[in-house]
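Here is the structure we will look at.
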Amino acid sequence: MNKSLLLAAIVAAAALTACGKKEEAAPAATTTAPAPAATTDAASAAASAVAGAAEAAASAASGAADAAANAASAASQ
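For what it's worth, the working numbering labels the leading residue of the sequence shown as 11, then goes sequentially.
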């Protein structure tokens, strides 16, 4: 039972850690005409929201990995 719980916790931590990795940025496309200010503001707000969500997801994944490590440590004792 304890080994099954430990294995499940390790698999869950690995999955959450793998999902939290950031992908490499795509190469910049050729330059085009500047966007209107309203579009730029909306894009900036959206990018800020996405960055906040990504940070929250990474924090949650880190917390889950820590919890799994603590569970593994407790199970082995």
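Cβ coordinates follow ideal geometry from the N, Cα and C atoms, glycine included.
Tell me whether residue i sits in a helix, a strand or coil according to DSSP, three-state version.
{"i": "glycine 30", "result": "coil"}
Give the single residue among the options whose Cα lies nearest to the Cα of residue i.
{"i": "alanine 22", "options": "Ala82, Ser83, Ala78", "result": "Ala78"}
{"i": "aspartate 76", "options": "Glu65, Ala19, Cys29, Val60", "result": "Ala19"}
{"i": "alanine 28", "options": "Ala70, Ala81, Ala85", "result": "Ala70"}
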